[in-house]
Amino acid sequence: MSSTSSESSGVVHDEVTGEHRLSQGFTFRSAFALAFADISPIVALYAIFTLALFSAGPAFFWAFPIVLVGQLLVAAVFGELASRYPFAGSVYQWARHVQGTPWGWFAAWAYIWGLTIALSTLSYGASGFLLEIFGVASPTGWLITAVALLIIVVGTLTNMVGRGFLKVMVLASITAEVLGSIGLGTVLLLFYRVNPFSTLFDGFGTQGNSLWLTGPALVAVAFVGWSFLGFEAAGSIGEEVEEPERNVPKAIILSLLCVALVVMYSSLALILAIPNLSEVMSAQSGDPVADTLTAHFGAGIGRPLLVLFVVGFLSSFLAVQAAVSRCVWGSARDRSLPGSGLLDQLRG
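Numbering (our numbering), first residue to last: 8 to 355.
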C-alpha cells in the first residue's frame, strides 16, 4: 500500500503510454450515458419492485434513500480511484494499483465472470419481452435461448463497429428509457393516483409479529441494493475519456444519482397508482407493475410497455458488454489472463 501511494500521477500514467493505450473518444456525456445505461432505470425498477413490495409493503419505498446514501459513498470511493487510475478495466486496475497484482487478478476474474453472467441474464430477459411484442405468447425454452443468443451476437457486433455507433445507440436508448419512465410516472401521479401518500408508511402486515424495521425493512434494503449497481462502468472506459481525472468521477456519481431519482419517482407513482392495493398484498402474486398499467391504460399499453422493457434491457446489455470488454482487454494487456497475446490485440 505504501509503495502505491508514493507513486506520482505521472508515473502511473506512463504505465500505459504508447501503442498499447486506448485512444480517447468518449466525453463526459458519453461516460455518463454508459454508466446510466449500465444501471438502467427500467431494469433497476422492474427487477426488484414486485419482490420488495411483497416483502415489505409500500413502505419499502424508504429503502431507496437509505441504499442511495450508502451507494453514493461507494461511488465517491470509486470516483477517487478512477481519478487516480483512469485505465481500461476499472475495478481490476484499482485493485491492482491499491493492493497489488494478486488482488487485481482476483478482482478482474470476479468482475469478468459477474458481468458475463449478467449479459446472459439481460439477453434472456430481453428475448422474452421481444417475443411477446411479435405475438409469441408461449415460446419454448429453445426459442427464447435462440433469440437470446441472437441478441448477444447483435450486441457484440454493435460494440465492435466502433465507439461512435455505441454512443448513438446508448444515448437513443437512454432517451427513450427516461422519457418512458418519467412520462408514465407523471401521468400516473397526476391522473391515476388511487392511494394516499400515507400508504408509503404502511407495511400491510408484512412484519408479522416482529418489528417492521428489523425484518421487512432489511429485506427491502437487500432487494433495493440490487437496483443501484453498474455505476462503475464509467471507470471501465476511463482510458478513453477526455480529461478522465475530472470527467470519470463526475460520471460515476451523477449516473448513480440520476438513475436513483428516476427509479424513486417511478416507484412512487406506481405505488400510489396500484388499484385495490390491499387485495394485491393479500394475494402476493401477479405482476403489480404490468397489472397497474393495464388497469389504468387498458390492454393497449401492453405492447408499448414491452418495447420500453426491451429498450431498457438492450441498453443495459450494450453498456455491460462495453465495460466487461475493457476489463478483459486491460487484464490481457498486463498478461493476467490466459491467451493474453490474442485478447490484447486492437483493431481499427
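Even for Gly, the Cβ is constructed at its ideal location relative to N, Cα and C.
Keep in mind that this is a model prediction, so the values were computed, not measured.
Going by DSSP in three states, residue i sits in which element: helix, strand or coil?
{"i": "Phe304", "result": "helix"}
{"i": "Thr123", "result": "helix"}
{"i": "Gly187", "result": "helix"}
{"i": "Ser285", "result": "helix"}
{"i": "Trp116", "result": "helix"}
{"i": "Trp219", "result": "helix"}
{"i": "Val318", "result": "helix"}
{"i": "Ser274", "result": "helix"}
{"i": "Ser343", "result": "coil"}
{"i": "Gly169", "result": "coil"}
{"i": "Leu75", "result": "helix"}
{"i": "Val201", "result": "coil"}
{"i": "Thr213", "result": "coil"}
{"i": "Thr152", "result": "helix"}
{"i": "Trp336", "result": "helix"}
{"i": "Leu236", "result": "coil"}
{"i": "Pro146", "result": "coil"}
{"i": "Asp45", "result": "helix"}
{"i": "Gly309", "result": "helix"}
{"i": "Pro93", "result": "coil"}
{"i": "Asp351", "result": "coil"}
{"i": "Phe141", "result": "coil"}
{"i": "Gln291", "result": "coil"}
According to DSSP, which residues form a beta bridge with residue i?
{"i": "Val248", "result": "Phe33"}
Less than 6 Å between C-beta atoms, sequence neighbours within five positions excluded: which residues of the same chain meet that for residue i?
{"i": "Gly192", "result": "Tyr272, Ser273, Ala276"}
{"i": "Ala155", "result": "Ser130, Tyr131, Ser134"}
{"i": "Val146", "result": "In the sequence as presented, Val is not what sits at residue 146; that position holds Pro. Excluding sequence neighbours, Pro146 sits near Leu138."}
{"i": "Ala82", "result": "Phe238, Ile259, Ile260, Leu263"}
{"i": "Leu178", "result": "Ala40"}
{"i": "Ser97", "result": "Glu239, Gly242, Ser243"}
{"i": "Ser37", "result": "Lys174"}
If you drop the 5 nearest sequence neighbours on each side, which residues of the same chain put their C-beta closer than 8 Å to that of residue i?
{"i": "Gln291", "result": "Phe61"}
{"i": "Gly382", "result": "Within the shown structure, residues of the chain are numbered from 8 to 355, placing residue 382 beyond reach of any answer."}
{"i": "Ile151", "result": "Tyr131, Ser134, Gly135, Leu138"}
{"i": "Ala280", "result": "Leu195, Leu196, Tyr199, Arg200, Val201, Asn202, Thr299, His303"}
{"i": "Trp53", "result": "The sequence given here has Tyr at residue 53, not Trp. Correct list, in chain order: Val296, Phe316, Gly319."}
Applying the criterion that 16 or more other CB atoms from any shown protein chain within 10 Å of the CB defines a buried residue, is residue i buried or exposed?
{"i": "Ile278", "result": "buried"}
{"i": "Ser30", "result": "exposed"}
{"i": "Phe316", "result": "buried"}
{"i": "Ser289", "result": "exposed"}
{"i": "Pro345", "result": "exposed"}
{"i": "Thr108", "result": "exposed"}
{"i": "Thr182", "result": "exposed"}
{"i": "Ser322", "result": "buried"}
{"i": "Thr221", "result": "exposed"}
{"i": "Ser285", "result": "exposed"}
{"i": "Ser16", "result": "In this predicted model, Ser16 has a pLDDT of only 43, less than 50, meaning its place in the structure is not dependable; the value taken from the coordinates is given anyway. Label assigned to Ser16: exposed."}
{"i": "Met167", "result": "exposed"}
{"i": "Gln352", "result": "exposed"}
{"i": "Ala153", "result": "exposed"}
So residue i and residue j are supposed to be a Cβ contact under 8 Å. How far apart are they, rounded?
{"i": "Ile158", "j": "Cys334", "result": "Contact flag wrong, Cβ pair sits at about 21 Å."}
{"i": "Val231", "j": "Ile55", "result": "6 Å"}
{"i": "Ala95", "j": "Gly348", "result": "Not really, about 17 Å apart at Cβ, beyond 8 Å."}
{"i": "Thr213", "j": "Ala63", "result": "5 Å"}
{"i": "Ser188", "j": "Pro48", "result": "5 Å"}
{"i": "Pro72", "j": "Glu252", "result": "That pair is no contact at about 30 Å."}
{"i": "Ala247", "j": "Phe33", "result": "Reading the sequence as shown, one finds Glu at residue 247 and not Ala. Right, their Cβ atoms sit about 5 Å apart."}
For chain D, check one thing: does any of its Cβ atoms lie closer than 8 Å to the Cβ of residue i?
{"i": "Val81", "result": "Within the model displayed, chain D is absent; a lone protein chain is all it includes."}
Residues in the same chain with beta-carbon distance under 7 Å from residue i, minus the five sequence neighbours each way, listed in chain order, please.
{"i": "Leu207", "result": "Pro65, Ala66, Phe68, Ile278"}
{"i": "Val74", "result": "Val228, Val231, Gly232, Phe235"}
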